[in-house]
Amino acid sequence: MARKLFDEEKIDGKNIITWNSMTRAHAKHGDWSQCFELYNQMKQLNMKLDQVTFLGLSTACVNSGLVKEGRAFFKEMRVNYGCQPSQEHNACMVDLLGPAGHINEAREIVKEMPFKPDTGVWGPWLSACKLHSETKFAESAAEKLLTMEPENAGNYVLLSNIYAAAGKWDKFAKMRRLLKEKGLKKTPGCSWLQINGHVQEFRVADQSHPKANDIYAFLGILEFAIKEARGHPAGKVS
């Protein structure tokens, strides 16, 4: 509906805010091809792209794992349009490069930022380091996050998991002890599904849904079918 209204509006009735809003909407849903189409249209109309434009394009690249394109946009916004990357732009680049294995490149972005990185930057950097077993960098990032968010239980859990993976059991125990002493609890993961106009909420190991027994029974059937197809013995759904 939003895109239909956008397309129906006359070209001269659209300003950069309108174009950016449509680009960001597509970016949120990982529709990178539509984002790039809008980007090309804006360039053809000689519109002056701004920081918001490139944030939408960068978000699309992150959601779709388009490293090459993300690098190009990050360079273009600075060289061609004179836009200085904000915390959000840098966070996007770290979130794009890190998981793809470009750890050193992501690290350079963090180091070269003209301002202190915020939690939006340290979070993706920490996740990337954990993913690629860069324990030293991960510890440093986690310590920064603990300083900035001392009441965020997720940071303690993540750091303790990093210590466990590295076999640093004394530090693992210390993190778990701090978590208990501070009385912090990690918010469980949550997902939403809209079915027939009604939003259904599900949490990790959730048994509160009125049809929980049916859901877990169906999951058991799916797991059995998948394992049979792979030639493995079926196991019990945990």
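Oh and the sequence shown: position 214 is 208 in the working numbering, straight run, nothing missing.
Even for Gly, the Cβ is constructed at its ideal location relative to N, Cα and C.
Using DSSP bridges, identify the partner residues of residue 186. Counted from its first residue, the sequence shown places residue 186 at position 192. DSSP links residue 186 through a beta bridge to 195.
Taking only three categories from DSSP, how would you classify residue 143? On the sequence shown, position 149 is the one that residue 143 refers to. Coil, per DSSP.
So, are the CB atoms of residue 48 and residue 30 less than 9 Å apart? The residue labelled residue 48 in the question sits at position 54 within the sequence shown. The residue labelled residue 30 in the question sits at position 36 within the sequence shown. No.
What is the DSSP secondary structure of residue 214, reduced to helix, strand or coil? Walking along the sequence shown from the start, residue 214 turns up at place 220. Residue 214 falls in the helix class under three-state DSSP.
With DSSP collapsed to three states, give me the class of residue 107. To locate residue 107, count along the sequence shown from 1; it is residue 113. Taken through DSSP and simplified to helix, strand or coil, residue 107 comes out as coil.
First through last residue of the alpha helix (DSSP H) which encompasses residue 63: As a working mapping, residue 63 is identified with position 69 in the sequence shown. Note, residue 63: alpha helix (DSSP H), 61 to 73.
Can you tell me the Cα-Cα spacing of residue 117 and residue 84, whole angstroms? Taking the sequence shown and counting its residues from 1, the one referred to as residue 117 is at position 123. Taking the sequence shown and counting its residues from 1, the one referred to as residue 84 is at position 90. Take the alpha-carbon of residue 117 and the one of residue 84: they are about 12 Å apart.
Closer than 6 Å by C-beta to residue 18: which residues in its own chain qualify, once you throw out the five before and the five after it? Chain order, please. Residue mapping note: residue 18 aligns to position 24 of the sequence shown, counting from 1. For residue 18, where only same-chain residues beyond five positions count, the Cβ hits under 6 Å are 50.
Residue 53, buried or exposed, once every other Cβ within 10 Å from all chains shown has been counted against 16: Locating residue 53 in the sequence shown gives position 59, where the first residue counts as 1. Burial check for residue 53: the Cβ neighbour count within 10 Å reaches 16 or more, so the residue is buried.
Return helix, strand or coil for residue 78, following the three-state DSSP convention. In the sequence shown, residue 78 corresponds to position 84, counting from 1. In the structure shown, residue 78 sits in coil (DSSP, three-state: anything other than H, G, I, E or B).
Can we say the stretch 96 to 103 touches the stretch 72 to 88, given the rule of at least three CB pairs closer than 8 Å? Yes: at least three Cβ pairs fall under 8 Å.
Run through DSSP, which three-state label would residue 15 get? Along the sequence shown, one-based indexing puts residue 15 at 21. Helix at residue 15.
Taking the alpha carbon of residue 10 as the reference point, which residue from 39, 25, 185, 2 has its own alpha carbon closest? To locate residue 10, count along the sequence shown from 1; it is residue 16. Closest by alpha carbon: 39.
Using the beta-carbon count (16 or more within 10 Å), is residue 225 buried or exposed? Position 231 of the sequence shown holds residue 225. By the Cβ neighbour-count rule, residue 225 is exposed, with fewer than 16 other Cβ atoms within 10 Å of its own.
What residues in its chain sit with their C-beta under 7 Å from that of residue 178, if we drop five residues either side in the sequence? Along the sequence shown, one-based indexing puts residue 178 at 184. Closer than 7 Å at Cβ, skipping near neighbours: 145, 147, 150.
With a 10 Å radius around its C-beta and 16 neighbouring C-beta atoms as the bar for buried, classify residue 154 as buried or exposed. Here residue 154 refers to the residue found at position 160 of the sequence shown. By the neighbour-count rule (16 or more Cβ atoms within 10 Å), residue 154 is buried.
Own chain residues within Cβ distance below 7 Å of residue 63, not counting five before or after: Taking the sequence shown and counting its residues from 1, one reaches residue 63 at position 69. Here the set comprises 55.
Simplified DSSP assignment, three categories, for residue 221: Working through the sequence shown from its first residue, we reach residue 221 at position 227. Helix.
Buried or exposed: residue 253, going by 16 or more other Cβ atoms within 10 Å of its Cβ? Outside the displayed span of the chain (-5 to 232) sits residue 253, for which this structure offers no information.
Any 3 or more C-beta pairs closer than 8 Å across the stretch 151 to 170 and the stretch 187 to 199: They do not touch, by the three-pair rule.
Using the three-state DSSP reduction, which class does residue 201 fall into: helix, strand or coil? Counted from its first residue, the sequence shown places residue 201 at position 207. When DSSP states are grouped into helix, strand and coil, residue 201 belongs to the coil group.
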